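> Chains as they are written, first to last, in the UniProt record's numbering: chain C, 1 to 510; chain S, 1 to 321.
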Amino acid sequence: MAEPAIQLIGINKSFGAVRANRDINLEVERGTIHGIIGENGAGKSTLMSILYGFYHADSGEIRVGGQPTAIRTPNDAIAAGIGMVHQHFMLVENFTVIENVILGAEGEPLLNKSIAKARSELQRLERDYGLEVDPDAVIEELPVGLQQRVEILKALFRGCDILILDEPTGVLTPAEADHLFRILKMLKDEGKTIVLITHKLREIMAITDTVSVMRQGTMVATRRTAETTVEELAELMVGRRVLLRVEKGEAKPAGVKLSVKNLTVKDSRGVVMVDGVSLDVRAGEIVGIAGVAGNGQSELIEAIAGTRRAQSGTVLLDGRPIDVTGHADPGELRDRGLAHVPEDRHHVGLVLAFEEAENSILGYHDKPHYLRGPFLDIDAIHADAREKIAKYDIRPANDRLKTANFSGGNQQKIVLAREIEQDPDVLIVGQPTRGVDVGAIEFIHKRLIAMRDQGKAVLLISVELDEIRSLSDRILVMFAGRVVGERGPDASEGELGLLMAGVEKREAAE
Amino acid sequence: MVDALVQLLDATIRVSVPLLLACLAGLYSERAGIFDIGLEGKMLAGAFAGASAAAVSGSAWVGLLVAILTAVFLALVHGFASITHRGNQIVSGVAINFIAAGSTIILGQAWFQQGGRTPPLSGPARFEPIILPGADALRDVPVLGIIYSELLSGHSLLVYVAFLMVPVTWWVLFRTRFGLRLRAVGENPAAVDTAGISVTWLRYRAVILTGVLTGAAGAYLAVAQNAGFVKDMTAGKGYIALAALIFAKWKPVPAMYACLLFGFLDAASIRFQGAEWPLVGRVPVQLINALPFILTVILLAGFIGKAIPPRAGGVPYVKER
Numbered sequence: 001m002a003e004p005a006i007q008l009i010g011i012n013k014s015f016g017a018v019r020a021n022r023d024i025n026l027e028v029e030r031g032t033i034h035g036i037i038g039e040n041g042a043g044k045s046t047l048m049s050i051l052y053g054f055y056h057a058d059s060g061e062i063r064v065g066g067q068p069t070a071i072r073t074p075n076d077a078i079a080a081g082i083g084m085v086h087q088h089f090m091l092v093e094n095f096t097v098i099e100n101v102i103l104g105a106e107g108e109p110l111l112n113k114s115i116a117k118a119r120s121e122l123q124r125l126e127r128d129y130g131l132e133v134d135p136d137a138v139i140e141e142l143p144v145g146l147q148q149r150v151e152i153l154k155a156l157f158r159g160c161d162i163l164i165l166d167e168p169t170g171v172l173t174p175a176e177a178d179h180l181f182r183i184l185k186m187l188k189d190e191g192k193t194i195v196l197i198t199h200k201l202r203e204i205m206a207i208t209d210t211v212s213v214m215r216q217g218t219m220v221a222t223r224r225t226a227e228t229t230v231e232e233l234a235e236l237m238v239g240r241r242v243l244l245r246v247e248k249g250e251a252k253p254a255g256v257k258l259s260v261k262n263l264t265v266k267d268s269r270g271v272v273m274v275d276g277v278s279l280d281v282r283a284g285e286i287v288g289i290a291g292v293a294g295n296g297q298s299e300l301i302e303a304i305a306g307t308r309r310a311q312s313g314t315v316l317l318d319g320r321p322i323d324v325t326g327h328a329d330p331g332e333l334r335d336r337g338l339a340h341v342p343e344d345r346h347h348v349g350l351v352l353a354f355e356e357a358e359n360s361i362l363g364y365h366d367k368p369h370y371l372r373g374p375f376l377d378i379d380a381i382h383a384d385a386r387e388k389i390a391k392y393d394i395r396p397a398n399d400r401l402k403t404a405n406f407s408g409g410n411q412q413k414i415v416l417a418r419e420i421e422q423d424p425d426v427l428i429v430g431q432p433t434r435g436v437d438v439g440a441i442e443f444i445h446k447r448l449i450a451m452r453d454q455g456k457a458v459l460l461i462s463v464e465l466d467e468i469r470s471l472s473d474r475i476l477v478m479f480a481g482r483v484v485g486e487r488g489p490d491a492s493e494g495e496l497g498l499l500m501a502g503v504e505k506r507e508a509a510e
Numbered sequence: 001m002v003d004a005l006v007q008l009l010d011a012t013i014r015v016s017v018p019l020l021l022a023c024l025a026g027l028y029s030e031r032a033g034i035f036d037i038g039l040e041g042k043m044l045a046g047a048f049a050g051a052s053a054a055a056v057s058g059s060a061w062v063g064l065l066v067a068i069l070t071a072v073f074l075a076l077v078h079g080f081a082s083i084t085h086r087g088n089q090i091v092s093g094v095a096i097n098f099i100a101a102g103s104t105i106i107l108g109q110a111w112f113q114q115g116g117r118t119p120p121l122s123g124p125a126r127f128e129p130i131i132l133p134g135a136d137a138l139r140d141v142p143v144l145g146i147i148y149s150e151l152l153s154g155h156s157l158l159v160y161v162a163f164l165m166v167p168v169t170w171w172v173l174f175r176t177r178f179g180l181r182l183r184a185v186g187e188n189p190a191a192v193d194t195a196g197i198s199v200t201w202l203r204y205r206a207v208i209l210t211g212v213l214t215g216a217a218g219a220y221l222a223v224a225q226n227a228g229f230v231k232d233m234t235a236g237k238g239y240i241a242l243a244a245l246i247f248a249k250w251k252p253v254p255a256m257y258a259c260l261l262f263g264f265l266d267a268a269s270i271r272f273q274g275a276e277w278p279l280v281g282r283v284p285v286q287l288i289n290a291l292p293f294i295l296t297v298i299l300l301a302g303f304i305g306k307a308i309p310p311r312a313g314g315v316p317y318v319k320e321r
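(1) So that I know if they touch, is there some Cβ in chain S lying closer than 9 Å to that of leucine 496(C)?
(2) Is isoleucine 78(C) close to chain B? Criterion is C-beta to C-beta, closer than 9 Å.
(3) Could you check what DSSP says for phenylalanine 174(S) in three-state terms: helix, strand or coil?
(4) Rounded to whole angstroms, what's the CA-CA distance from valine 438(C) to glutamate 493(C)? Just pull it up for me.
(5) Give the DSSP-derived three-state secondary structure of glutamine 148(C) in the structure shown.
(6) So glycine 54(C) contacts chain S; which residues on that side make the cut at Cβ distance below 8 Å?
(7) Do valine 271(C) and isoleucine 449(C) have their beta-carbon atoms positioned less than 9 Å apart in this structure?
(8) Grouping DSSP H, G and I as helix and E and B as strand, with all else coil, what is lysine 266(C)?
(9) So is phenylalanine 174(S) in contact with chain C if we call contact Cβ pairs under 9 Å?
(10) Jot down the residue ranges of each uninterrupted beta strand (DSSP E) in the region 41-68 of chain C, minimum 3 residues, whole runs only, in chain order.
(11) At the 9 Å Cβ level, is isoleucine 83(S) part of the contact set with chain C, yes or no?
(12) Cβ of asparagine 12(C) less than 9 Å from any chain S Cβ?
(13) By Cβ distance below 6 Å, which residues in the same chain neighbour phenylalanine 35(S) in space, the five residues on each side in sequence not counted?
(14) Report the rounded CA-to-CA distance for glutamate 203(C) versus phenylalanine 181(C), giving the unit in angstroms.
(15) Quick one: list the residues of chain S neighbouring glycine 104(C), beta-carbon separation under 8 Å, in chain order.
(16) May I have a chain-ordered list of the beta strand (DSSP E) segments no shorter than 3 residues that lie completely inside the region 405-484 of chain C?
(17) Can you pull the chain C neighbours of alanine 268(S), defined as C-beta to C-beta under 7 Å?
(18) Using a cut-off of 8 Å between C-beta atoms, extract the partners of glutamate 187(S) located in chain C.
(19) Could you say which of Val281(C), Tyr364(C), Tyr370(C), Asn40(C) lies nearest to arginine 452(C) if we only look at CA atoms?
(20) Does chain S have any CB closer than 9 Å to the CB of methionine 214(C)?
(21) Counting C-beta neighbours from all protein chains within 10 Å, is the total for glycine 53(C) 16 or more, i.e. buried, or is it exposed?
(22) At a Cβ threshold of 9 Å, is serine 16(S) touching chain C?
(23) What are the start and end residues of each continuous beta strand (DSSP E) run of 3 or more residues lying completely inside the region 115-169 of chain C, in chain order?
(24) Just checking my contact of glycine 488(C) with alanine 254(C) at CB under 8 Å: how many whole Å lie between their CB atoms?
(25) Buried or exposed: which applies to leucine 74(S), given that a residue is buried once 16 or more other Cβ atoms fall within 10 Å of its Cβ?
(26) Nearest CA to the CA of leucine 263(C): which residue from Tyr370(C), Lys252(C), Leu279(C)?
(27) Return helix, strand or coil for valine 143(S), following the three-state DSSP convention.
(28) So, helix, strand or coil for valine 256(C), using DSSP?
(29) Answer yes or no: does any C-beta atom of chain C fall closer than 9 Å to that of alanine 184(S)?
(30) Out of Val2(S), Met1(S), Leu138(S), Leu9(S), point me to the one whose CA is closest to isoleucine 270(S)'s CA.
(31) Just to make sure I have the definition right: I need the residues of chain S whose C-beta is within less than 9 Å of the C-beta of glutamate 108(C). Which are they?
(32) If we define contact as Cβ-Cβ less than 9 Å, is arginine 311(S) a contact residue for chain C?
(33) Taking 8 Å as the threshold, find out whether the region 281-299 of chain S comes into contact with the region 43-55 of chain S through three or more Cβ pairs.
(34) Just how far apart, CA to CA, sit phenylalanine 229(S) and valine 159(S)?
(35) So with CB distances below 7 Å, who are the chain S contacts of asparagine 262(C)?
(36) Counting pairs of Cβ atoms below 8 Å between the region 404-411 of chain C and the region 350-367 of chain C, do you hit three or more?
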């Protein structure tokens, strides 16, 4: 039997007091797709960064193709035939595709020759793997799916036999993700070894041959994918049973809290993103908006929440209009009981350089109970933050920690705690569980259901169709800026998928 | 008329040279992601060290070498603070400006006792004008003759070097592996790091190039354009060079035009001091002297469109965590 492509033996790595990896052993067979699954912060990325020479292990041994290999820098990893597609792309955005591909692997001191060589090599890769991309396109003008393809090309151009992909589908549309999986299968058939890091169980089941589960820095199990189930993997990841389907009672919708009529929103390029959308959200219900990313959902909730100006239309909050075409003020809307959990928590929802406690009151910092005269009441703010940390199980439980140092799921909990604990009447939530691990997803879903049961109106947008289906009492589907259909929570995935793809279907019984 | 214009342009070239060298110096550093507000200080220290060494040794070449070494040393200090120790690049640059402004006067007084000046340079201790072949013979050809003999000929070596550095910089930046990596590290150092290239070493090399060019700019001021060092002789040229760099959007050829424009204003302000103008009459000297700075403000305030600096500029590179 052939030597395994990769063997990691007794890898340990600490960042300060945090043990990110402890005594990790891992074997990856040649020519397979090996999944590594675990919650955010389980140490998956750290482990792969060690394999790629980006971090140094405190102890342990790496063998590539059976040979003990010292990997101290990415250069060593590249020389050993290891390539990595990072979660956040390592591309120079204003460079062309070909410049990015050759960077660091130019071969010649002058660019003319190396670019000419790279051009023919790229043509070969395009032919062999169907990795089409215009070599002279500038990166920042490419969609993320193609940018990722450039990352894969970079690795292949350096002649990698082992390709590591860190959370590759987080930024992709479902169609792009499917295309990526086809490429990965093709690479596998060519004899490449692929390590796929993800926290999405469905991807693991769909594409991997074997799967290893990490939890809190340790490797807890390795299974053949064919011999395991989603439930078992989820349990291994979290360390306890996980409800993959949210349990909830009947909705008891009351009066209309939020009413949107003929709302039209253009984006910064002047393209109509929301095209005459009307919808109502009643107290005590969750209305979910499904749709492929980029069909106007983001612009819709931004316009309602007052962070983007609408061109026309009206929005009524509790019967009173919001000045969505003029100077809607998010601060004023908060006072009127509308809370907004933005889609992009890193740039809009949080100030990552702030302490947790500061973020936990941001936007509400002028409320009297956080103030002492004209000054912030620091003690009250910290007491309040600690209360939220306990209630939402935010980890680590340290309200003085810089927010950037929390994992994605915990950052999301900070935003949710801030908005929900102000007891709003209407909650607008964008992508509540994007980049959030299974345990936190369950928690967040329960909180949203609890909001509903308290008689709040919740408007939810998410690109995760499962999430929309399991939370919503009514589902609206958006396509090309319009609401193209409304369905109940029991609508099938296939039916919603067709609507999301813009395929109109006349219903006999209406 | 032609004579006057040629003289004005000739002066433009002379005063543009230190701007151009400093601007290209800043271009290497900032393209690599290290902001350098300390061009002024390095130029000043280079001018002083160059003039001192030339005075002591009697050789302009020794002066140039010492000027470059001094500026490179200060550039390495900036690199040590901002690359190795990930310090604030503006603070480090300002500190270098202060050190240069203060120490040149103190050392100048201690060594030469001439009120902060260095001894006047003459003969081989200065870079002499180079007369291009046939300049004298062609002087009498109408228009072209005077352009060749006055405008193009008769400058010191460093003038030609400075203008030659423009295409050389362009070529290095856009046609070599080093240039590709240099531009990449100023945009996204993580991409460079994961491609297996040392961010630190790359940035140090950029900073050293900055030192070399600011040293040459200083040497030009004290050993070629003037015959010795006078305190504060850079007089804000390092800052104007930074403005020109932004104006040129960090590109070598536009940088040359920007420096020539600022140089032209400078030369014009000297030439038109006290001149009578139609309609407005005599314009105060102070206003004329302020023109380059006023223009800088106006240009930077919006006439140049959006100037996008290298994206990683000013940000120390730290791996995640």
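Heads up, the beta-carbon is just placed ideally off N, CA and C, and yes, glycines get one too. Model, not experiment: these values are computed from the prediction.
Well, looking at it:
(1) no
(2) The structure shown contains no chain B; its protein chains are C and S.
(3) helix
(4) 21 Å
(5) helix
(6) Per the sequence shown, residue 54(C) should be read as phenylalanine rather than glycine. Chain S residues near phenylalanine 54(C): Asp193, Thr194, Lys319.
(7) no
(8) strand
(9) yes
(10) 59-64
(11) no
(12) no
(13) Gln89, Gly313, Gly314
(14) 9 Å
(15) Arg181, Val192, Ala195, Gly196, Ile197
(16) 426-430, 457-461, 474-479
(17) What alanine 268(S) touches in chain C: nothing, since even the nearest Cβ is about 36 Å away.
(18) Val92, Glu93, Asn94, Phe95
(19) Val281(C)
(20) no
(21) buried
(22) no
(23) 162-166
(24) About 19 Å; that fails the 8 Å criterion.
(25) buried
(26) Leu279(C)
(27) coil
(28) strand
(29) yes
(30) Leu9(S)
(31) Arg177
(32) yes
(33) no
(34) 18 Å
(35) Within 7 Å Cβ-Cβ: nothing; asparagine 262(C) doesn't reach chain S, min ~36 Å.
(36) yes
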